[in-house]
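These protein sequence lines are chains A and B, in that order.
Position one of the first sequence corresponds to residue 0 (numbering that gives the first Met the number 0), numbered consecutively onward.
Position one of the second sequence corresponds to residue 0 (numbering that gives the first Met the number 0), numbered consecutively onward.
C-beta atoms are modelled at their ideal positions from N, C-alpha and C, and glycine is treated no differently.
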Amino acid sequence: MWIQTAFLVVWLDPLGLRYHSMCSPVFHCYACPLSTFACPIGVIAQFGALHLFPFVAIGLLITIGALFGTLICGWVCPFGFLQDLVSKVPTPKYDLPKFTSYFRYIILIVTVLAVPYFFGEEHFLFICRICPAGAIEAAVPTMISQATSGQPVVWPNAIKLGILILFLIAIFFIKRPWCRILCPLGAIFSLFNRVSAFFLKFNIEKCTDCKRCHKLCEYGIEPEKSPNDLRCVRCLECTNCGPKALKLENIFSSSKNKK
Amino acid sequence: MKKHIKTIFVCLFILLGIALLCYGSLFHSTDILAQEDNIEIVMAKNERELIKLASIGGLMRDESGWINQTFAVGEKPPETCAT
């Protein structure tokens, strides 16, 4: 929680830098009045619409993904943090079927890559036109500012508004629905989970088969079977199991242990 | 996956990522069309400038394939992205 708060301060531009010529590795809309950096997904989609290769955004995501995988989702992303905060409201929580996690890859391929490239940024399925992060962080503050200054309020399109309303309902009943079902950035980072410098290591000798890690994991993963699962956001809750059979390791520490 | 193979993959990905990042932020540039005093001019913009312009909806690709700046040189750029 404190680590996420500390990173939130970085993303919320306390120094007023508006350093939008560089991407951050997190999901934070660049149209947000308080964003320090540009959103990598927005940049990839916008560059796709311009038929340009986004070297900076892709380079950053490969570097960060290869280092941390979805550790970014669990500990750094402000949009994940928002969902974590709301999940603390004591409402009944429902689990999702495993196949829903694959929707993220469809969102990535369709709304971030294919639609921008073939139809441009005016298409209604362009990621920024449907993104709830953009709606919460940019459209809502802009609408409030328009309303308070007496200007006519420009509403987001119906699809964006619909997704926003669904998202706002879902975060009370499902743990991190955006990250698990729709997030294209999480989809990219998850591909690195099995080849990232930091990874979850399962020690079979310490495991007592108590299944406590199953109860600790709020994402329906069986960490002892698949510690670096594509669906994992690396919240590291499973590492709190009694026997400490699961542990966050990195490629360098594991080679030291081998010696 | 064996540890040394994993280490090689991680290092290769990190090197590839840093190479793309450095190329994009230091060397890559694209020509764009902009209006200045009602005359169309071609300007080379580096990728960092392109990211900043794209993030406010300041660039648009026309049917001929050229990337146009949506506001004239010297004019105030849009404050936020059109989406």
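{"Check": "Using a Cβ-Cβ distance under 8 Å, would B/V9 count as near chain A?", "Outcome": "yes"}
{"Check": "On the DSSP letters alone, give me the boundaries of the alpha helix (DSSP H) that B/T6 sits inside.", "Outcome": "K2 to C21"}
{"Check": "Could you list the residues in the region 32-54 of chain A with a C-beta less than 7 Å from some C-beta on chain B, going in chain order?", "Outcome": "A37, G41, V42, Q45, F46, A48, L49, H50, L51 and F54"}
{"Check": "Applying a beta-carbon distance threshold of less than 7 Å, which residues of chain A neighbour B/T29?", "Outcome": "L51"}
{"Check": "Mind checking whether A/A186 and A/A65 have CB atoms under 8 Å apart?", "Outcome": "no"}
{"Check": "Under 7 Å from any heavy atom of the ligand NAP, does the C-beta of A/C237 make it?", "Outcome": "Among the components of this structure there are no ligands whatsoever, and the ligand NAP is therefore not found."}
{"Check": "Whose Cβ in chain A lies nearer than 7 Å to the Cβ of B/K5?", "Outcome": "V194 and I250"}
{"Check": "Taking 8 Å as the limit between beta carbons, can you name the residues of its chain near A/F52, skipping five residues before and five after?", "Outcome": "F46"}
{"Check": "With distances taken from CA atoms, which of A/A137, A/C127, A/P91 and A/D228 is nearest A/K97?", "Outcome": "A/D228"}
{"Check": "Please name the residues in the region 11-45 of chain B whose beta-carbon is closer than 8 Å to at least one beta-carbon of chain A, in chain order.", "Outcome": "F12, I13, L15, G16, I17, A18, L19, L20, C21, Y22, G23, S24, H27 and T29"}
{"Check": "Give me, in chain order, the residues of the same chain whose beta-carbon lies closer than 6 Å to that of A/N256; leave out the 5 immediate sequence neighbours on both sides.", "Outcome": "Its pLDDT being 47, under 50, A/N256 is placed unreliably by the model, and nothing is read from it."}
{"Check": "Quick one: list the residues of chain A neighbouring B/A51, beta-carbon separation under 7 Å, in chain order.", "Outcome": "Note on residue identity: the sequence assigns Lys, not Ala, to residue 51 of chain B. By Cβ distance, chain A contributes H19 and S20."}
{"Check": "Which residue wins for smallest C-alpha separation from A/A234, given the options A/C212, A/K224 and A/P242?", "Outcome": "In the sequence on display, residue 234 of chain A carries Cys and not Ala. Closest by alpha carbon: A/C212."}
{"Check": "Is the Cβ of B/S54 closer than 8 Å to any Cβ of chain A?", "Outcome": "yes"}
{"Check": "Quickly, what does DSSP pair A/N227 with across the bridge? List them, please.", "Outcome": "None; A/N227 has no bridge partner."}
{"Check": "Could you give the C-beta distance for A/G119 and A/V232, rounded to a whole number, given that I count them as a contact under 8 Å?", "Outcome": "A/G119 to A/V232, Cβ: 32 Å. No contact."}
{"Check": "On the three-state DSSP scale, how would you describe A/C72?", "Outcome": "helix"}
{"Check": "Does A/Y272 come within less than 8 Å of chain B when only Cβ atoms are used?", "Outcome": "With chain A covering 0 to 258 only, the question about residue 272 of chain A has no answer from this structure."}
{"Check": "Which residues in chain B sit within 8 Å of A/I143, going by Cβ to Cβ distance?", "Outcome": "Those within 8 Å of A/I143 in chain B number zero; the least Cβ separation is about 14 Å."}
{"Check": "Decide if the region 197-209 of chain A is in contact with the region 238-246 of chain A; the criterion is three or more beta carbon pairs, one per stretch, under 8 Å apart.", "Outcome": "yes"}
{"Check": "Within 8 Å of any Cβ in chain A, is that where the Cβ of B/E74 sits?", "Outcome": "no"}
{"Check": "Could you tell me which residues DSSP puts in a beta bridge with A/L160?", "Outcome": "None; A/L160 has no bridge partner."}
{"Check": "Are there 16 or more other CB atoms within 10 angstroms of the CB of A/C209, so buried, or fewer, so exposed?", "Outcome": "exposed"}
{"Check": "For A/L7, which residues from the same chain have a beta carbon less than 8 Å from its beta carbon, with the 5 sequence-adjacent residues on both sides left out?", "Outcome": "P77 and F80"}
{"Check": "For A/S23, which residues of its own chain have a beta-carbon under 6 Å away from its beta-carbon, when the five flanking residues on both sides are left out?", "Outcome": "F36"}
{"Check": "Select from A/A137, A/Q150, A/C240 and A/L181 the residue whose C-alpha is nearest the C-alpha of A/Y29.", "Outcome": "A/A137"}
{"Check": "Tell me the DSSP bridge mates of B/L58?", "Outcome": "B/Q68"}
{"Check": "Residues of chain B with CB under 9 Å from A/G58, in chain order?", "Outcome": "L15, G16, I17, A18, L19, L20, C21, Y22, G23 and S24"}
{"Check": "Please list, in chain order, all residues of the same chain as A/K258 whose beta carbon is under 7 Å from its beta carbon, the five residues on each side excluded.", "Outcome": "Note that A/K258 scores 40 on pLDDT, short of 50, meaning its location in the model is unreliable and no value can be drawn from it."}
{"Check": "Between A/A146 and chain B, is there a C-beta pair that is closer than 8 Å?", "Outcome": "no"}
{"Check": "Let me know if B/Q68 comes out buried or exposed under the rule of 16 or more other beta-carbons within 10 Å of its beta-carbon.", "Outcome": "buried"}
{"Check": "Against chain A, with Cβ distances strictly below 8 Å, would B/E48 count as a contact?", "Outcome": "yes"}
{"Check": "According to DSSP, what are the bridge partners of A/F316?", "Outcome": "Residue 316 of chain A falls outside the range modelled here, since chain A spans only 0 to 258, and no answer is possible."}
{"Check": "Can you list, in chain order, the residues of the region 114-125 of chain A whose Cβ is nearer than 9 Å to any Cβ on chain B?", "Outcome": "G119, E120, E121 and F125"}
{"Check": "Does A/A65 have its Cβ less than 8 Å from a Cβ in chain B?", "Outcome": "yes"}
{"Check": "Cβ atoms of A/I129 and A/I170: under 8 Å apart, would you say?", "Outcome": "no"}
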